[in-house]
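Asks:
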Amino acid sequence: MRDTKYRLNNFCLYDYRGVEEHLSAMAARGWRLEKAGLTFWKYRRAEPAQVRYAVTYSDSASWFNPGPTEQQQSLEELCGAAGWTKVCDWLQMQIFCTADPAAVPLETDEALRLEGIHRSMKKNFIPTNLAALLLLLFVARDFFLALVTGDLYGMVRSNAVLFAAAISVPAVCLQIYLLSGYFLWRRRSRRSVEDGGPCLPAGKGYRRASLAQWGLITLFAAAYLLLELFGGGRGRALYFVLYMTLFYLLLFLVRRTTALLRRMKVSKAANMAWTLAVDVVLAFALVGGLTYTAIHFDWFSSGTGSGKTYEYRGETWDVSPRQDFLLTLAELTGEEYGHVSREVSSQGSLFVSERHYWESALLGDGPKSCFLSYTVYETKYPSLQESMLKDLLKDDPLKFRGMTMFTWRYLPDDPAPWGADAAYRRYIDEDPTDTWLLVWPGRAVGISFDSPTEAQMSTAAAHLKPEA
Numbered sequence: 047m048r049d050t051k052y053r054l055n056n057f058c059l060y061d062y063r064g065v066e067e068h069l070s071a072m073a074a075r076g077w078r079l080e081k082a083g084l085t086f087w088k089y090r091r092a093e094p095a096q097v098r099y100a101v102t103y104s105d106s107a108s109w110f111n112p113g114p115t116e117q118q119q120s121l122e123e124l125c126g127a128a129g130w131t132k133v134c135d136w137l138q139m140q141i142f143c144t145a146d147p148a149a150v151p152l153e154t155d156e157a158l159r160l161e162g163i164h165r166s167m168k169k170n171f172i173p174t175n176l177a178a179l180l181l182l183l184f185v186a187r188d189f190f191l192a193l194v195t196g197d198l199y200g201m202v203r204s205n206a207v208l209f210a211a212a213i214s215v216p217a218v219c220l221q222i223y224l225l226s227g228y229f230l231w232r233r234r235s236r237r238s239v240e241d242g243g244p245c246l247p248a249g250k251g252y253r254r255a256s257l258a259q260w261g262l263i264t265l266f267a268a269a270y271l272l273l274e275l276f277g278g279g280r281g282r283a284l285y286f287v288l289y290m291t292l293f294y295l296l297l298f299l300v301r302r303t304t305a306l307l308r309r310m311k312v313s314k315a316a317n318m319a320w321t322l323a324v325d326v327v328l329a330f331a332l333v334g335g336l337t338y339t340a341i342h343f344d345w346f347s348s349g350t351g352s353g354k355t356y357e358y359r360g361e362t363w364d365v366s367p368r369q370d371f372l373l374t375l376a377e378l379t380g381e382e383y384g385h386v387s388r389e390v391s392s393q394g395s396l397f398v399s400e401r402h403y404w405e406s407a408l409l410g411d412g413p414k415s416c417f418l419s420y421t422v423y424e425t426k427y428p429s430l431q432e433s434m435l436k437d438l439l440k441d442d443p444l445k446f447r448g449m450t451m452f453t454w455r456y457l458p459d460d461p462a463p464w465g466a467d468a469a470y471r472r473y474i475d476e477d478p479t480d481t482w483l484l485v486w487p488g489r490a491v492g493i494s495f496d497s498p499t500e501a502q503m504s505t506a507a508a509h510l511k512p513e514a
């Protein structure tokens, strides 16, 4: 039988009544609070007993302080004289307990209690939640921008964007709910205090919303991983798992750094500075190292070749080029290529797929190099294809220091040689390039190839158009 247990902390800082009632109920079941952490609270087994808990606030308390402040020490002495024993603190919240049913309450002036809570909230809760709100808006910025502009394709173009929104949107709503909920509670409590009553209960809305948020995060993260794993994005799934692992490792290491500096009696300012420095260095090292590894080992492409390569004429070629191409240079030109390199990368979501093909080859043993690249966009929804084409066909200006150097744009072209419903050719200002966007129902293909003949256009269409 374990003597300790941990519980996820889903209390809000101003919910003093909820904390008091919860801890008294835990003591009656034989569990006493030992430590109140930022994420988990630790309890130790004890004899079931009727224990009163009381919460008060000290706005001078800080996670970075080397020890209790004078205000905290004075508060503890006063409470001790009244029969209350300090249990622990959680941010600015100071938790006391007593077995004496006749012990004088710690707070007798509700107006002072309310003011003390608000000072503590301004120290921690309000700035932290505002920062979290801004961070969540940044994480889901692509989705929100697409939502504002009505860009349906932009909202669902990849699982990453879709699930960042699926996680962030409820979390943004929760942060808004928490901030507005606190100020509404404060206003109502102020009215109650002015009428001679107590501060009002915070209610269980925050605790339920907090648990719901953790549940949604777990659900959507699992769904994202499954979609990537079964959709050919194993590298992205691995990157996501390692990224989240490193994120929580970073939080753990930063908190351990702060705790170590506290034990070393480092001043509050120095502790904050060192903690920030460690946070920045570790973030660059861990995330930068992971990103470099993912790029170096090509996690984001789904290879079906042997993976073995060799060097020739200073370039890298495939020993066994992958065979899952819809269209190859040999099929397009009818030529023999002695050295070939092929790559495929994919992204997309539940609603649209986007697969990039790239091939380079030497004609015979060289020296002539040939290149072919194309991207296949697919969706089963006509309205989504319309939005997708609107996004793909929009002008793309290249700017330098606020000045437009030139503009990439697609202009209508003859679709007949391609056997397509519609075709668009890409231009640099007024100069045509060898890049086209071909359109069929449910599929669009962007293809780049040097000066294709009409026969090559027909061959490309035969391989790239959707099956009837």
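With this note's numbering applied, the sequence shown covers 47 to 514. Every residue gets a Cβ at the ideal spot worked out from N, C-alpha and C, and that includes glycine.
Within its chain, find whatever has a CB closer than 8 Å to the CB of G113; leave out the 5 residues flanking it on each side and keep chain order.
Replies: Correct list, in chain order: R308, K311.
Asks: Going straight from the alpha carbon of T379 to that of S415, what length do you get?
Replies: Roughly 13 Å between the two C-alpha positions.
Asks: Below 9 Å between beta carbons: does that hold for D442 and R203?
Replies: No, Cβ-Cβ distance for D442 and R203 is not below 9 Å.
Asks: When you compare the segment 93-110 with the segment 283-300, are there three or more beta-carbon pairs, one atom per stretch, that lie closer than 8 Å?
Replies: As far as the Cβ criterion goes, the segment 93-110 does not touch the segment 283-300, which means the pair count is below three.
Asks: Reducing DSSP to helix, strand and coil, say where L152 ends up.
Replies: Coil, per DSSP.
Asks: Roughly how many angstroms lie between the CA atoms of S256 and E513, to the nearest whole one?
Replies: Roughly 48 Å separates the two Cα atoms.
Asks: Quick one: using the 10 Å Cβ neighbour count with 16 as the cut-off for buried, is P367 buried or exposed?
Replies: Buried.
Asks: What are the boundary residues of the beta strand (DSSP E) that L275 is part of?
Replies: Here L275 belongs to no beta strand (DSSP E); instead the alpha helix (DSSP H) covers 251-276.
Asks: Rounded to the nearest angstrom, what separates S214 and Y270 at their Cα positions?
Replies: S214 and Y270: Cα-Cα distance of roughly 14 Å.
Asks: Could you name the residues of the same chain whose beta carbon sits closer than 7 Å to that of A210, not counting the 5 residues immediately before and after it, in chain order?
Replies: V185, A186, F189.
Asks: Would you tell me roughly how many angstroms separate the C-alpha atoms of M340 and R75, rounded to the nearest one?
Replies: Reading the sequence as shown, one finds Ala at residue 340 and not Met. Roughly 49 Å between the two C-alpha positions.
Asks: Please classify K354 as buried or exposed, where buried requires at least 16 neighbouring CB atoms within 10 angstroms.
Replies: K354 should be labelled exposed.
Asks: Which first and last residues belong to the alpha helix (DSSP H) in which L181 is found?
Replies: Taken as a continuous stretch (DSSP letters only), the alpha helix (DSSP H) holding L181 covers 171-185.
Asks: Around the Cβ of L40, are there at least 16 other Cβ atoms within 10 angstroms (buried) or fewer (exposed)?
Replies: Residue 40 is absent from the model: the chain starts at 47 and stops at 514.
Asks: Do you know whose CA, among E357, A71, L59, R63, lies nearest T174's CA?
Replies: Minimum Cα distance to T174 is reached at L59.
Asks: If you run the structure through DSSP and keep just helix, strand and coil, what is M434?
Replies: If DSSP states are grouped into helix, strand and coil, M434 belongs with the helices.
Asks: Please confirm whether S391 and T362 have their CB atoms less than 9 Å apart.
Replies: No, Cβ-Cβ distance for S391 and T362 is not below 9 Å.
Asks: Could you please give me the residues that DSSP links to H385 through a beta bridge?
Replies: The partner list for H385 (beta bridge, DSSP) reads L408.
Asks: Is the distance from the Cβ of D480 to the Cβ of R455 below 9 Å?
Replies: In this structure, R455 does not lie closer than 9 Å to D480 by Cβ.
Asks: Taking V485 and A466 to be in contact with their CB atoms under 8 Å, please state how far apart those CB atoms are, rounded to whole angstroms.
Replies: The pair is a contact, with the Cβ atoms about 6 Å apart (cut-off 8 Å).
Asks: Is it a yes or a no for the segment 486-506 touching the segment 418-428, going by three-plus beta-carbon pairs under 8 Å?
Replies: As far as the Cβ criterion goes, the segment 486-506 touches the segment 418-428, which means the pair count is three or higher.
Asks: What residues match up with A100 in a beta bridge as DSSP calls it?
Replies: In DSSP, A100 forms a bridge with F142.
Asks: Alpha carbon to alpha carbon, how far is L371 from T195?
Replies: The sequence given here places Phe at residue 371; Leu does not occur at that position. For F371 and T195, the distance between alpha carbons rounds to 35 Å.
Asks: According to DSSP, is A462 helix, strand or coil?
Replies: In the structure shown, A462 sits in a helix (DSSP, three-state: H, G or I).
Asks: State whether the segment 423-433 contacts the segment 227-241, with contact taken as three or more CB pairs (one from each stretch) at a distance under 8 Å.
Replies: As far as the Cβ criterion goes, the segment 423-433 does not touch the segment 227-241, which means the pair count is below three.
Asks: Assuming contact is defined by CB atoms lying nearer than 9 Å, are S1 and E116 in contact in what I supplied?
Replies: Absent from the structure is residue 1, since the part of the chain shown begins at 47 and ends at 514.
Asks: Give a yes or no on whether the C-beta atoms belonging to N205 and W136 are separated by under 9 Å.
Replies: Contact flag unset, no.
Asks: Sorted by chain position, which residues of the same chain lie with C-beta nearer than 7 Å to S313's C-beta, five sequence neighbours on each side aside?
Replies: Counting only Cβ-Cβ distances below 7 Å, and skipping sequence neighbours, we find P112.
Asks: Using alpha carbons as the reference points, say which of Y52, F57, E93, D61 lies closest to E80.
Replies: It is Y52 whose Cα lies nearest to the Cα of E80.
Asks: Is it buried or exposed for P498, if we count other Cβ within 10 angstroms and need 16 for buried?
Replies: Answer is buried; the Cβ neighbour count reaches 16.
Asks: Looking at the strands, I want to know which residues DSSP matches up with S419.
Replies: According to DSSP, which records beta bridges pairwise, S419 is partnered with W404, S494.
Asks: Looking at the secondary structure, which residues open and close the alpha helix (DSSP H) in which R233 lies?
Replies: R233 -> alpha helix (DSSP H) spans 205-240.
Asks: Rounded to whole angstroms, what's the CA-CA distance from R233 to M167? Just pull it up for me.
Replies: Answer to the nearest angstrom: the Cα atoms are 14 Å apart.
Asks: Taking the alpha-carbon of R301 as reference, which of T291, M318, E377 has the nearest alpha-carbon?
Replies: Residue M318 is the option with its Cα nearest to R301.
Asks: Do the segment 59-70 and the segment 153-171 make contact, defined as three or more Cβ pairs closer than 8 Å?
Replies: Yes, since at least three Cβ pairs between the segment 59-70 and the segment 153-171 fall closer than 8 Å, the two stretches touch.
Asks: So the beta strand (DSSP E) F86 belongs to, where does it begin and stop?
Replies: Looking at the DSSP string, the run of the beta strand (DSSP E) that includes F86 is 86-91.
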